[in-house]
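A quick write-up on the structure given underneath.
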Amino acid sequence: VLQAHILESSRPGRVGAAAVLEFWLQVLTEQNLWHRDKAVLYLLDHLCRTAFLHQQEECLQKLLYQQHKSALGYHGDKGLLSSLMGWIVAGNVTPSFIEGSSLTGEVWFAWLVLNMETMFEEDSQLRRCVEHELLSNPAYTPDQALKKAQVRLKLQVVPSLQRLMIYRWAQQALATPADHPLLPLVWQKFFQLYLRQPGPEFGLEVKGCIGRRYFHSAAHLSLLKSLRQRLVEVSDFHHAASKALKVPCSSSESSDGLLTPGTPITQYMTSPELHTELVRLFTVFALWLDDENLQKQEIYLPSLPKQYDTHRLAKIMQRQQEVWMEHVDIERVQHELQEELSLWSKVKSEPAISQNTNFSIFTDFINPLAARERILTHLRKHDAPQGALLLVPMKAPVPDIPTESLSDEKISTALVQEDLAKLQHQAKLATVRETQQVVLDNELLEVLPQLYINREDQLSMQLECRGKGGQPCQGPAHITVTYSRMHKLDPVQNQIQCLKSDIKQLQADGIKAPPQSLAEAAVHTENFITALVNAYKLNPSPAILKVGITVFYQIVSFVCEDTQRHPPTRQFFTSCIEILGQVFIRDVRSECKPMLKTILLNRHLCNLLSPYFTPNASPAELVSLYEEVVNTLHIDSGDVIFMLLTKISLFCS
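With full-length UniProt numbering, letter number 504 in the sequence shown gets 504, and the count goes up by one each step, no holes.
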């Protein structure tokens with residue numbers, strides 16, 4: 001269908017092949033994760049082959065280029081993280097339309113995608129920057145050069161090392177079948193990167209080609225070895241194929257070019273001359289790959305032996321991008337396309353021939369009514385479908401914020417009260433646990449020195465006497481030694497074991513995950529504050545302002561020594577007070593005096609609350625505020641008074 005549609009559109013006066021190619025590419029790539037669907041890839045492979053024949057690859061590359069940029073997150077509304085999520089699920093480190101490192105069955109599609117990704121690598125300046133790093137720092141590995149290039153270019157997405165195009169073309173060269181028409185062009189693309197001499201681009205002298213610098217690690221050296229072996233295998237294949245004889249076409253093929261039923265697509269044989277030319281080409285490739293001198297120093301090409309095909313080598317090193325179509329078996333590609341069109345014509349003509357005959361719905365694949373009956377017949381063989389499962393209503397772990405609570409002071413107070421109480425209770429438990437830990441540690445430190453004591457003990461010993469001057473002794477000497485011996489006290493040992501057991505249990509309780517209700521309380525409070533602030537920004541009404549002020553002071557009332565000693569609760573309360581204070585308290589005239597009273601009543605919270613005390617917002621009360629601060633001056637609260645006076649003095653001046 002695809003080939004017939006494209007052929008029909010290519011006739012004079014029609015829309016042209018490019019428009020139809022673009023249409024089918026957009027249709028086939030519309031579904032999610034289309035690059036993993038074998039059926040879609042099969043159709044795209046045939047589409048890319050036709051684009052190659054019609055010299056319309058550029059129109060498909062442009063569409064894939066835009067999709068590739070979208071997948072990388074360079075534009076669009078989804079953002080980088082969400083746009084890459086589908087690709088991460090698919091298993092790719094870096095987005096690519098080629099699943100894995102290469103494609104064996106869909107080489108035409110791989111050829112188009114790799115050319116598109118090569119364009120992207122050039123447009124992003126990534127390859128140029130990596131080559132500059134490799135030339136400027138001879139000790140750099142490709143991985144180090146890639147990381148340096150990422151920093152320099154500040155790219156949003158940088159491919160992993162294996163996604164660099166020199167490795168992609170190498171992997172595709174290994175995966176492409178030996179008899180595929182595109183194989184010479186795939187190797188040409190690889191050598192255009194492997195035999196590059198980028199030195200003059202950066203004002204550096206030419207020191208040979210850069211390709212070998214990419215093959216530094218053991219894995220890449222193994223890949224290079226596989227490339228050498230593959231060139232030998234492909235050369236041997238074409239050498240053997242050049243000796244084969246062409247078999248005449250079977251008589252079962254009808255004279256009008258259409259296939260009769262049961263006749264397979266005829267196999268086309270490449271001419272022996274082209275096989276011989278390909279043997280010579282792949283032998284030349286093997287020489288280029290094996291010659292270390294090309295990588296180490298600048299070579300005067302005319303001095304090389306004839307086997308090197310210096311004319312073609314010069315084209316590679318001069319970066320000529322024209323593909324070597326003389327090595328592509330175009331006749332074979334056109335023959336395969338013609339065979340497919342003939343088969344489609346044969347299939348389309350079958351309904352007209354069979355109209356007057358009785359046929360089964362299982363052999364009529366064209367008639368829509370037969371297709372409908374065939375589907376229904378297959379469905380009747382299966383059990384009747386079961387009804388959908390009953391929906392079980394689920395209670396949200398965190399209840400929604402009622403709209404009326406944003407403007408009703410009583411509802412908002414009751415709504416937040418329970419959550420704040422849970423958070424404060426958790427902080428108190430943590431403080432009690434901390435106190436118990438300190439008590440147990442101190443008790444253990446006091447008991448440990450009592451574990452051993454010194455006790456006086458005696459030991460009787462016999463000292464042997466061997467005599468002197470031949471005179472025998474009367475017997476061994478009996479002596480008694482008195483000394484102090486270390487003695488462990490079992491009661492103290494038992495007490496220490498009990499203390500260690502208590503400490504261990506206390507620590508086990510401390511590392512347990514907090515209850516879910518605590519997380520729900522924190523999220524619920526945060527959701528309420530967020531909704532309140534957003535509502536006030538949209539509609540700064542007095543009712544919402546009053547609720548915000550009330551909630552601010554309500555949270556301040558829950559701040560105590562226990563919540564200040566518990567870091568998670570302290571951070572949460574501080575964040576809530578900061579958000580509410582900036583929106584509902586700071587620079588609000590009516591809250592200057594209440595804020596001052598709150599600070600004076602909770603002087604330990606002066607550092608937390610003082611940023612929201614702005615006496616300049618109420619000039620009429622400035623003197624009375626100053627007087628109230630001075631009257632509360634006390635030697636124990638000098639720091640607090642000094643901070644408040646500094647604020648007032650600042651605004652007075």
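Just so you know, even glycine gets a beta-carbon here, dropped at the ideal spot from N, CA and C.
Going by C-alpha distance, which of the options is nearest residue i?
i, options, result
"GLU561", "PRO402, ILE479, ALA430", "ALA430"
"SER610", "VAL623, GLU627, ILE577, GLU121", "ILE577"
"SER405", "GLN495, VAL559, GLU621, THR530", "THR530"
"GLN462", "PRO476, PRO472, GLY469, GLU627", "PRO476"
"LEU72", "PHE97, GLY105, PRO594, PRO302", "PHE97"
"GLN450", "LYS488, LEU376, GLU131, GLN320", "LYS488"
"LEU114", "GLU58, ALA145, PRO142", "GLU58"
"GLY548", "VAL447, LEU415, LEU601", "LEU415"
"LEU231", "ALA241, SER222, LEU281, PRO393", "LEU281"
"ASP400", "ARG168, LEU532, GLN188", "LEU532"
"PRO272", "ASP291, ALA241, GLN295", "ALA241"
"ILE6", "LYS422, LEU341, PRO594, SER517", "LEU341"
"LEU608", "PRO619, GLN571, LEU625", "GLN571"
Identify, in the order they occur along the chain, each residue of the same chain with its Cβ nearer than 8 angstroms to the Cβ of residue i, setting aside the five sequence neighbours on each side.
i, result
"THR413", "THR550, VAL551, GLN554"
"ALA178", "GLU233, VAL234, PHE237, HIS238"
"VAL398", "GLU520, VAL523, HIS524, ASN527"
"ASP441", "ILE503"
"VAL447", "VAL492, GLN495, ILE496, LEU499"
"ALA314", "LEU301"
Applying the 10 Å Cβ sphere with the 16-neighbour rule, what's the burial state of residue i?
i, result
"MET165", "buried"
"GLY581", "buried"
"ILE299", "buried"
"LYS504", "exposed"
"TRP324", "exposed"
"ASP419", "buried"
"THR118", "buried"
"GLN318", "exposed"
"ALA51", "buried"
"GLU627", "exposed"
"HIS382", "exposed"
"VAL284", "buried"
"MET595", "buried"
"MET394", "exposed"
"ALA384", "exposed"
"ALA421", "exposed"
Measure the alpha-carbon distance for residue i versus residue j and round it to whole angstroms.
i, j, result
"ARG312", "GLN56", "26 angstroms"
"GLY100", "ALA175", "11 angstroms"
"GLU30", "SER124", "26 angstroms"
"LEU195", "GLU277", "22 angstroms"
"ILE210", "LEU193", "8 angstroms"
"PRO568", "LYS428", "12 angstroms"
"HIS54", "LEU343", "21 angstroms"
"LYS154", "SER160", "15 angstroms"
"VAL438", "LEU600", "32 angstroms"
"ALA170", "GLU22", "29 angstroms"
"GLN144", "LYS296", "21 angstroms"
"GLY105", "ASN137", "40 angstroms"
"THR574", "ALA139", "51 angstroms"
"HIS478", "ARG466", "15 angstroms"
"PRO305", "HIS35", "45 angstroms"
"GLN424", "THR563", "6 angstroms"
Between which residues of its own chain and residue i is the CB-CB distance below 7 angstroms, once the five residues before and five after are set aside?
i, result
"THR482", "GLU456, GLN458"
"CYS486", "Looking at the sequence itself, residue 486 is Met, so the reference to Cys does not match. The answer, listed in chain order, is TYR452, ASN454."
"LYS49", "Sequence inspection shows Arg at residue 49; the Lys mentioned does not correspond to that position. Excluding residues within five positions, the ones whose Cβ falls inside 7 angstroms are TRP108, VAL333."
"ARG433", "LEU506, ASP509, GLY510"
"ALA543", "SER407"
"LEU224", "PHE215"
"ALA617", "ASP587, VAL588, ARG589, CYS592"
"LEU28", "TRP34, VAL40, LEU43, LEU44"
Using a Cβ-based criterion (distance less than 7 angstroms to any ligand heavy atom), does residue i qualify as near the ligand GDP?
i, result
"THR270", "Absence of the ligand GDP from the depicted structure is noted, as is the absence of any ligand whatsoever, leaving it without description."
Leaving aside the five residues before and after residue i along the sequence, list all residues of the same chain whose C-beta is less than 6 angstroms from its C-beta, in chain order.
i, result
"SER541", "none"
"SER303", "none"
"GLN426", "LEU518"
"LEU64", "MET116"
"GLY86", "Low local confidence applies: a pLDDT of 38 at GLY86 is under 50, so the model's placement there is unreliable, with the coordinate-based value given in what follows. Correct list: empty, nothing qualifies."
"PRO248", "Caution applies to PRO248, whose pLDDT of 46 falls short of 50 and renders its modelled position unreliable; the model cannot decide the point."
"LYS189", "TRP169"
Complete alpha helix (DSSP H) runs within the region 132-170 (minimum length 4 residues, chain order): Annotation: the region 132-170 contains the following complete segments of the alpha helix (DSSP H) (minimum length 4 residues), in chain order: 142-153.
Within the region 406-484, ranges of the alpha helix (DSSP H) (whole runs, at least 4 residues): Counting only runs of at least 4 residues, the region 406-484 fully encloses the following alpha helix (DSSP H) elements, listed from N- to C-terminal order: 409-447.
4-residue-minimum alpha helix (DSSP H) runs that sit fully inside the region 19-84, ordered along the chain: Those alpha helix (DSSP H) runs which fall completely within the region 19-84 and span 4+ residues are 38-53, 57-72.
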